[in-house]
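Take the sequence shown: its position 202, counted from the start at 1, is 202 in my numbering, and no numbers get skipped.
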Amino acid sequence: MTIQALERKIKTATELLSVVKTMKAMASVNIRTYERAVGSLAEYGRTINLAWLVFFLRAGGFPLVEAKGPAVVLAIGSDQGMCGQFNEVILQEIERREPDLRKDGEDVSYWVSGERVLGGLVDSGRDVRMHFQLPGSLSAVDTEVMAIIEHMDRQRREQGIQRFYLLNNRPAKGSAYESRLRKLLPLDKEWAARFEQRTWPERSLPQINMAPKDFFGHLFSQYLFISLYRAFGQSLASENAARLSSMQSAEKNIDEMKDRLTMEYRQARQTQITGELMDVVSGFEALRDRDES
1 MTIQALERKI
11 KTATELLSVV
21 KTMKAMASVN
31 IRTYERAVGS
41 LAEYGRTINL
51 AWLVFFLRAG
61 GFPLVEAKGP
71 AVVLAIGSDQ
81 GMCGQFNEVI
91 LQEIERREPD
101 LRKDGEDVSY
111 WVSGERVLGG
121 LVDSGRDVRM
131 HFQLPGSLSA
141 VDTEVMAIIE
151 HMDRQRREQG
161 IQRFYLLNNR
171 PAKGSAYESR
181 LRKLLPLDKE
191 WAARFEQRTW
201 PERSLPQINM
211 APKDFFGHLF
221 SQYLFISLYR
231 AFGQSLASEN
241 AARLSSMQSA
251 EKNIDEMKDR
261 LTMEYRQARQ
271 TQITGELMDV
281 VSGFEALRDR
291 DES
């Protein structure tokens, strides 16, 4: 390889390294942003759970819906690549868990947020009914969550669908992320048992200053919002963690390639300089021999 070609390759590697470092920095900032949002939501979620406890203790619960009929799974992936097996993990979890969701011969359809998972589901011939825009920032999560809740309400009223599940990646200890399939609806006996078996932690139990039905409606809306917001926040944090890991690997590979190219460049340059010196020496010796003769 010529010196000029090596110089071009070293320049390209340097530019790529700059891009990778920028992407690493952005991923690190995004991870902290989404993790803080999920952490703040956890505090609010605990407050809502206390309100649920008041509802169960004051109103005595509500008629629970049996988990039967067709199911809808909201699968959250990514729009962009460079995040390792992030989307493949979601598709593999669908492959693994779908037989359980199809119990009693019920149908399973999919709502998707993220172009990469959408492509995988379509390629596998699965029934994709809705495609939601993946939020590109924390501020866009609220809007997308409200849009999904509206569609869920319409499906429940018009189609009678009661089984909804969330599938997303979330941060995990010992690895960048792990997939999780969670039942969102219906609110069943297993969910209600979390509150029915608890007692109020304070001396005085708060009053409900509205009709139990209205109070339930407010809590139900918050339950859906918290669940969906948390799923998107966890997924976006995990996506950026996966991207950070990919960029770290890319940075290492580019550094190694740049070191190798630099070594080749130095060797080629040294060879060129040696050749030029040899030409000078040969020319000098030729002139000296001519003068002596």
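Beta carbons: idealized from backbone N, C-alpha and C, even for Gly.
Minimum Cα-Cα distance from ARG170 among the listed residues GLN4, MET23 and ILE31 corresponds to ILE31.
Within 10 angstroms of the beta-carbon of LEU261 lie 16 or more other beta-carbons, which makes it buried. Per the DSSP secondary-structure output, ASN49 pairs with nothing in a beta bridge. Relative to the Cα of LEU134, the nearest Cα in the group VAL128, THR143, ASP127 and ARG126 belongs to THR143. By the Cβ rule, the region 96-104 does not count as touching the region 48-66, because fewer than three pairs are nearer than 8 Å. The C-beta of ASN253 has fewer than 16 other C-beta atoms within 10 Å across all chains shown, which makes the residue exposed. Within 10 angstroms of the beta-carbon of ASN209 lie fewer than 16 other beta-carbons, which makes it exposed.
Within the same chain, and ignoring the five residues on either side of LEU184 in sequence, the residues whose Cβ sits closer than 7 Å to its Cβ are PHE164, TYR165, LEU166 and SER227. Contact holds between the region 75-83 and the region 109-120, because three or more Cβ pairs, one in each stretch, are under 8 Å apart. By the beta-carbon neighbour count (other beta carbons within 10 angstroms, threshold 16), ILE273 is exposed. SER179 counts as buried, since at least 16 other C-beta atoms from the protein chains shown sit within 10 angstroms of its C-beta. Between GLN162 and GLY69, the C-beta spacing is below 7 Å. Taking a 10 Å sphere around the C-beta of GLN155, we find 16 or more other C-beta atoms and assign the residue as buried. Here LEU57 has TRP200 and LEU205 as same chain residues with Cβ atoms under 7 Å from its own Cβ, once five neighbours each way along the sequence are excluded.
Take TYR265, set aside five residues on each side of it, and the residues of its chain with a beta-carbon closer than 6 Å to its own are LEU6, in chain order. Within the same chain, Cβ atoms closer than 6 Å to the Cβ of LEU236 are found at TYR34, the five residues on either side in sequence being excluded. Boundaries of the beta strand (DSSP E) around ARG163: 163-172. The three-state secondary structure of TRP200, taken from DSSP, is coil. Remark: fewer than three beta-carbon pairs, one from each stretch, lie closer than 8 Å, so the region 143-153 and the region 80-92 are not flagged as touching.
For the 7 Å CB-CB criterion, VAL73 and TYR44 do not form a contact. A direct Cα-Cα distance of roughly 42 Å separates CYS83 from GLU196. Per DSSP, reduced to three states, the secondary structure at MET210 is coil, with no helix or strand assignment.
Residue environment analysis places LEU224 among the buried positions, since at least 16 neighbouring C-beta atoms fall within 10 angstroms of its C-beta. Cα atoms of MET130 and ASP259: separation of roughly 48 Å, rounded to the nearest angstrom.
Cβ-Cβ distances below 8 Å link ILE48 to LEU219, GLN222, TYR223 and ILE226 in the same chain, with the five nearest sequence neighbours on each side left out; the list follows chain order. LEU184 sits in a strand when the DSSP states are folded into three classes. In this structure GLY136 is exposed. Its beta-carbon is surrounded by fewer than 16 other beta-carbon atoms within 10 angstroms.
When the Cα atoms are used, GLN92 and GLU158 turn out to be separated by approximately 31 Å. With fewer than 16 other beta carbons inside 10 angstroms of its own, SER40 counts as exposed. The secondary-structure analysis by DSSP pairs ALA59 with nothing; it has no beta-bridge partner.
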